[in-house]
Each structure stands twice: as C-alpha cells, then as structure tokens.
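With the working numbering applied, the sequence shown corresponds to residues 119 to 257, in that order. Glycine included, C-beta positions come from ideal geometry on N, C-alpha and C.
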Amino acid sequence: MMTLITINRVYYLIGFVVMLLVVMTLRDRANPKRYTTALFWFLFGGIFLFGDLMVQELGKSLAYRIIGGAVIVIALLAGFGLVGKGHYKMSTEEERVASSNRLKNWLFLPALMIPVVTVIGTLFLKGVSIGGVYLLDQK
Numbered sequence: 119m120m121t122l123i124t125i126n127r128v129y130y131l132i133g134f135v136v137m138l139l140v141v142m143t144l145r146d147r148a149n150p151k152r153y154t155t156a157l158f159w160f161l162f163g164g165i166f167l168f169g170d171l172m173v174q175e176l177g178k179s180l181a182y183r184i185i186g187g188a189v190i191v192i193a194l195l196a197g198f199g200l201v202g203k204g205h206y207k208m209s210t211e212e213e214r215v216a217s218s219n220r221l222k223n224w225l226f227l228p229a230l231m232i233p234v235v236t237v238i239g240t241l242f243l244k245g246v247s248i249g250g251v252y253l254l255d256q257k
C-alpha cells in the first residue's frame with residue numbers, strides 16, 4: 119500500500135526549501151560573504167535532496183564518503199567565519215513592541231503547538247488511510 123508522507127518526501131521538502139535559501143542568498147548583494155554562504159546552504163540542501171540517490175547510484179561506501187566530505191566543507195565554512203548573515207528589512211523597536219502588546223502570550227502558540235501536533239499525529243494518525251493510501255509511513 120502507498121504512503122502519502124514518507125521520511126524521504128520530508129527530506130526532499132527540506133532540501134527544496136534550503137535550495138530556495140541558496141537562491142535568496144545569491145541575490146543578496148549586500149552580503150559580502152554571499153558566495154560562501156550560498157555554498158554552505160547548497161551543500162546542506164544537496165545532502166537532503168540527493169543523499170538517497172547517491173547511495174542508490176554510487177553505493178553506500180562512496181556516497182557516505184562524499185556526504186562526509188560535504189559535511190567537513192560545511193564545518194570548515196562555518197568554522198572559518200565564511201558564512202554571513204543576510205540583510206533583511208528589520209522592524210523598528212516600536213513596531214516590535216506594538217506587535218508584542220497586541221499578541222501578548224499568543225506569541226508562544228506556534229512553539230507550543232509543535233510538540234502537541236507531533237504527539238497527536240504520532241498517536242492517532244499512524245494507521246489512517248484515505249482511498250487506500252496511508253497518510254504516514256507505516257515503518
């Protein structure tokens with residue numbers, strides 16, 4: 119039986135989002151470290167997007183060596199300070215205070231919902247299928 123949400127699809131989604139970050143980083147002309155920062159995110163996202171494909175096509179030994187090399191390059195880029203923060207439009211202090219006063223404790227709702235939704239999904243959505251397709255991976 120098929121599964122709608124598998125761990126591989128989650129990895130592909132993460133890789134795609136990180137690759138969008140690569141494009142955004144390259145377009146940020148105000149960041150003097152944009153090329154090395156983009157390389158950092160490209161390697162990181164590439165592992166998520168192409169890790170399984172490398173294992174399948176190149177075998178575990180070679181794929182793991184390539185991924186390990188990428189992780190070492192990522193660590194070196196970060197360790198030598200070659201990853202820079204992008205320049206984004208920041209809100210003013212007054213805007214932040216006004217937003218905080220308006221939202222009050224509701225600011226914490228997204229952070230608190232993550233574990234709640236995770237536990238509920240784990241406990242109650244494991245065996246759910248729609249039209250013969252399981253919602254979550256059954257492994």
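Secondary structure of residue i, DSSP reduced to three states
i	result
Tyr252	strand
Ser179	helix
Leu138	helix
Ser247	strand
Thr121	strand
Phe198	coil
Ala229	helix
Asn149	coil
Gly204	coil
Residues of its chain near residue i, where Cβ-Cβ distance is below 6 Å and the 5 sequence neighbours each way are ignored
i	result
Gly133	Gly163, Phe166 and Leu167
Met120	Val251
Gly202	Asn149, Lys151 and Thr155
Ala181	Met172 and Val173
Contact set for residue i: own chain, Cβ-Cβ below 8 Å, skip 5 residues either direction
i	result
Thr143	Asn149, Arg152, Thr155, Ala156, Trp159 and Gly204
Tyr129	Phe166, Leu167, Gly169 and Asp170
Span of the alpha helix (DSSP H), counted from its first residue to its last, around residue i
i	result
Ser217	Glu211 to Leu221
Residue i at chain D interface by Cβ criterion, 8 Å
i	result
Ser247	This model lacks chain D altogether; it includes just one protein chain.
Sequence-distant residues of the same chain with beta carbon closer than 7 Å to residue i, five excluded per side
i	result
Gln256	Thr121
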